[in-house]
Amino acid sequence: MSSILKIENLSLNYGKLKALDNVSLELELGNFVGLLGPNGSGKSSLLRILAGLEYNYEGKVEIDQIKPGKHTKLLTSYSPDMNCFPPSLTVDKAFGYYHKFFSDFNAQRADALMSKLGLDRQQQIHELSKGMLERLYVALTMSRSASIFLLDEPLSGVDPATRSAILETVIKNYSTNTLIIISTHMLEDLESYFDEVVILNNGQLYEHDGAEALRERYQKSINHILRDMPYGKRAL
Numbered sequence: 007m008s009s010i011l012k013i014e015n016l017s018l019n020y021g022k023l024k025a026l027d028n029v030s031l032e033l034e035l036g037n038f039v040g041l042l043g044p045n046g047s048g049k050s051s052l053l054r055i056l057a058g059l060e061y062n063y064e065g066k067v068e069i070d071q072i073k074p075g076k077h078t079k080l081l082t083s084y085s086p087d088m089n090c091f092p093p094s095l096t097v098d099k100a101f102g103y104y105h106k107f108f109s110d111f112n113a114q115r116a117d118a119l120m121s122k123l124g125l126d127r128q129q130q131i132h133e134l135s136k137g138m139l140e141r142l143y144v145a146l147t148m149s150r151s152a153s154i155f156l157l158d159e160p161l162s163g164v165d166p167a168t169r170s171a172i173l174e175t176v177i178k179n180y181s182t183n184t185l186i187i188i189s190t191h192m193l194e195d196l197e198s199y200f201d202e203v204v205i206l207n208n209g210q211l212y213e214h215d216g217a218e219a220l221r222e223r224y225q226k227s228i229n230h231i232l233r234d235m236p237y238g239k240r241a242l
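What follows is the structure, given as structure tokens:
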């Protein structure tokens, strides 16, 4: 199967800060990919580039042979790591925005997910806890018929029940026709689901391989590979 995502020599600077440093990577459909690394390693920057929200980079990035931007937004569905909705907006209005702006948005699926995740359609965004806000973004993101799902820390800082509900929602939408890239520190919950693992460190690609291949090579779990990783240095 050919790669739907190709990255060659990708670099991104924020002033003097090098967020990404010469990253090259290819990923195929039908994979659940863990995007891992310490805080500040470039994970969110990479996801924003793939979502078509960051253009100031050097190198080559292609999604289905197209540079990320207006024409790839139907291929990607992105859940950010921070709230982008106005505080006074209701959950129902957020639902309506996705229905209006994304032609592949499945309102029936979103309605079912919101009900399953316990979301009150009349609540305003500022009234939602962090966990409920994460549930909202995951419900909206996974209700699209995209090829690539980009999830930036959807499990961070939420209780175990919320993590289970979000994880179940994501897993049920995984298929051979999709690529899911999830940035997370919650490896205890997710490691067993990973087909591939991408580890960034100090903006560089530290590791990319099948999850089982990495466990065999290092003779330890992905979680312990990450814990034992020397910050700022590449793997040999």
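Residue numbers for the sequence shown follow the numbering used here, so the first one is 7 and each next one is one higher. Quick reminder that beta carbons are idealized off the backbone N, C-alpha and C, glycines included.
Taking 7 Å as the threshold (C-beta atoms), are residue j and residue i in contact?
i, j, result
"Glu14", "Lys66", "yes"
"Tyr63", "Leu18", "yes"
"Gly58", "Gly75", "yes"
"Ala152", "Thr82", "yes"
"Gly163", "Asp27", "no"
"Ile55", "Pro93", "no"
"Phe38", "Ile205", "no"
"Pro160", "Glu174", "no"
"Leu16", "Val29", "yes"
So the candidates are the options; which of them puts its Cα closest to the Cα of residue i?
i, options, result
"Thr96", "Gln71, Leu142 and Asp70", "Leu142"
"Phe155", "Leu35, Asp27 and Ala25", "Leu35"
"Val176", "Leu157, Pro92, Leu16 and Asp87", "Leu157"
"Gly216", "Asn208, Asn207, Gln210 and Ile228", "Ile228"
"Ser109", "Ala25, Leu80 and Asp234", "Leu80"
"Val203", "Leu23, Leu33, Ser9 and Thr184", "Leu33"
"Lys136", "Leu53, Arg221, Val39 and Pro86", "Pro86"
"Gly40", "Glu218, Ser198, Ala219 and Ile188", "Ile188"
"Asp195", "Tyr180, Asn207, Arg221 and Pro166", "Pro166"
Specify the secondary structure class of residue i as computed by DSSP and reduced to three states.
i, result
"Tyr212", "strand"
"Thr147", "helix"
"Phe186", "The residue asked about is misnamed: residue 186 is Ile in this sequence, not Phe. Looking at Ile186 - three-state DSSP - the assignment turns out to be strand."
"Asp117", "helix"
"Ser162", "coil"
Just list the residues that DSSP pairs residue i with in beta bridges.
i, result
"Asn207", "Gln210"
"Gln130", "Thr96"
Can residue i be considered in contact with the ligand SAM, in the sense that its beta carbon sits closer than 6 Å to one or more heavy atoms?
i, result
"Leu80", "Of the ligands one can find in the structure shown there are none, so the ligand SAM has no counterpart to examine."
- At what residue ranges does the region 45-106 contain a whole run of the alpha helix (DSSP H), taking only runs of 4 or more? 49-56
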